[in-house]
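Peer 1:
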Amino acid sequence: MVRGSLTPTLTAATSSAPIAHPLNLLLGLHPSPSPPLPPAPSPPPSPPPPAAVYGIDFDGTDDYLLLPTVSNIRTVAIWLFLSSAQPTSQHYLVDARYGSAQHYLSNTLIGTAWSALHINAMPANITWASLPTDVWTYVVLDTGAAFSDNLNLMSRVNSGSSEAFNCAKGRISEVLYHPL
0 MVRGSLTPTL
10 TAATSSAPIA
20 HPLNLLLGLH
30 PSPSPPLPPA
40 PSPPPSPPPP
50 AAVYGIDFDG
60 TDDYLLLPTV
70 SNIRTVAIWL
80 FLSSAQPTSQ
90 HYLVDARYGS
100 AQHYLSNTLI
110 GTAWSALHIN
120 AMPANITWAS
130 LPTDVWTYVV
140 LDTGAAFSDN
150 LNLMSRVNSG
160 SSEAFNCAKG
170 RISEVLYHPL
């Protein structure tokens, strides 16, 4: 009869976990539990999107990106690196008000047509303060109803003008807008 803590066990060549020996099973003995594994290290932060190397740099003074008119826009998605060193004046991330009145997002004004803001796939309050700075971020703005307009990014340009004002500082590497 086997007594005490002499419990024969086998160990697999690729693992340190004990394997139940047939003699242990017959005698009703069970291998002692293996120590808990240490916690897995945190994954490294995600790198910026590949296009970030070739992104458009906006100086916060007079740079902007004006995309042509598209019909039935429901979502605007932007890979964005928003600088924390913004101009002290009002500045815009998006302004689409040629064909609609309420599709804009600035540091002081938010159009009422936006129904949701997602930052890196997580819901966020529709405010300028929700936008992270000095880090690449995937920003998605959804609207409650489809609209048709052009998209002015990182500034505001009045209809019929080519002069930008209320410019924001940062980089954009990719813009997607999704129709219905």
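Under numbering that gives the first Met the number 0, the residues of the sequence shown are numbered 0 to 179, in order.
Backbone N, C-alpha and C fix where the C-beta goes; we use that ideal spot for every residue, glycine too.
All values derive from a computational prediction rather than experimental measurement.
Along the chain, where does the beta strand (DSSP E) containing ALA95 start, and where does it finish?
Peer 2: The residue labelled residue 95 in the question sits at position 96 within the sequence shown. From DSSP, the beta strand (DSSP E) with ALA95 extends over 91-95.
Peer 1: Please state whether DSSP places TYR63 in a helix, a strand or coil.
Peer 2: Position 64 of the sequence shown, counted from the start, is the residue given in the question as residue 63. Here TYR63 sits in coil by DSSP.
Peer 1: Go ahead and label LEU175 buried or exposed: buried means 16 or more other beta carbons lie within 10 angstroms of its beta carbon, across all protein chains shown.
Peer 2: The residue labelled residue 175 in the question sits at position 176 within the sequence shown. Exposed, since its Cβ has fewer than 16 Cβ neighbours within 10 Å.
Peer 1: Can you find the residues in the same chain that come closer than 8 angstroms, C-beta to C-beta, to THR68, ignoring five residues on each side of it along the sequence?
Peer 2: Counting from 1 along the sequence shown, the entry for residue 68 is found at position 69. Counting only Cβ-Cβ distances below 8 angstroms, and skipping sequence neighbours, we find TYR97, GLY98, SER147, ASP148 and ASN149.
Peer 1: Looking at THR142: is its Cβ nearer than 7 angstroms to the Cβ of ALA112?
Peer 2: Within the sequence shown, numbered from 1, the residue matching residue 142 stands at position 143. Within the sequence shown, numbered from 1, the residue matching residue 112 stands at position 113. In contact: THR142 and ALA112 (Cβ atoms closer than 7 angstroms).
Peer 1: Check whether the Cβ of ASP148 lies closer than 6 angstroms to any heavy atom of the ligand ATP, and answer yes or no.
Peer 2: Looking for the ligand ATP in the displayed structure turns up nothing, as the structure carries no ligands at all.
Peer 1: Rounded to a whole number of angstroms, what is the C-alpha to C-alpha distance between ASN119 and ASP133?
Peer 2: Counting from 1 along the sequence shown, the entry for residue 119 is found at position 120. Counting from 1 along the sequence shown, the entry for residue 133 is found at position 134. If you take the alpha carbons of ASN119 and ASP133, they lie about 14 angstroms apart.
Peer 1: For VAL139 and ALA76, which I take to be in contact (beta-carbon distance under 8 angstroms), what is that distance rounded to the nearest angstrom?
Peer 2: Numbered from 1 along the sequence shown, position 140 holds the residue referred to as residue 139. Numbered from 1 along the sequence shown, position 77 holds the residue referred to as residue 76. About 5 angstroms separates the two Cβ atoms, so the contact holds.
Peer 1: Just to confirm the assignment, what range does the beta strand (DSSP E) spanning ILE118 have?
Peer 2: Your numbering for residue 118 matches position 119 in the sequence shown. 113-118 is the span of the beta strand (DSSP E), which, as asked, contains ILE118.
Peer 1: Out of ARG155, PHE80, LEU81 and TYR137, which one is the CA nearest neighbour of TYR103?
Peer 2: Against the sequence shown, residue 103 aligns to sequence position 104. When each option's Cα is compared against that of TYR103, the closest is ARG155.
Peer 1: Can you tell me where the beta strand (DSSP E) with ILE55 in it begins and where it stops?
Peer 2: Residue mapping note: residue 55 aligns to position 56 of the sequence shown, counting from 1. Here the beta strand (DSSP E) through ILE55 covers 55-58.
Peer 1: Give the DSSP bridge partners of PRO122, in chain order.
Peer 2: In the sequence shown, counting from the first residue as 1, residue 122 sits at position 123. For PRO122, which the question treats as bridged, DSSP gives the partners HIS117.
Peer 1: Only counting the same chain, and skipping five residues up and downstream in sequence, which positions put a Cβ closer than 6 angstroms to that of LEU81?
Peer 2: The residue you call residue 81 lines up with position 82 of the sequence shown. Result list for LEU81: LEU130, THR132 and GLY169, in chain order.
Peer 1: Cα separation between ASN106 and GLN85?
Peer 2: Reading the sequence shown from its first residue, position 107 is the one you call residue 106. Reading the sequence shown from its first residue, position 86 is the one you call residue 85. One C-alpha to the other measures close to 10 angstroms.
Peer 1: Throw me the rounded Cβ distance for the ASP61 and ALA163 pair, which I believe falls under 8 angstroms.
Peer 2: Indexing the sequence shown from 1 puts residue 61 at position 62. Indexing the sequence shown from 1 puts residue 163 at position 164. Right, the Cβ-Cβ distance comes to about 5 angstroms (below 8 angstroms), so this counts as a contact.
Peer 1: Cα separation between ILE171 and SER70?
Peer 2: As a working mapping, residue 171 is identified with position 172 in the sequence shown. As a working mapping, residue 70 is identified with position 71 in the sequence shown. So the two alpha carbons sit approximately 22 angstroms from each other.
Peer 1: From what residue to what residue does the beta strand (DSSP E) around GLU173 run?
Peer 2: Locating residue 173 in the sequence shown gives position 174, where the first residue counts as 1. Counting along the chain, the beta strand (DSSP E) containing GLU173 begins and ends at 168-178.
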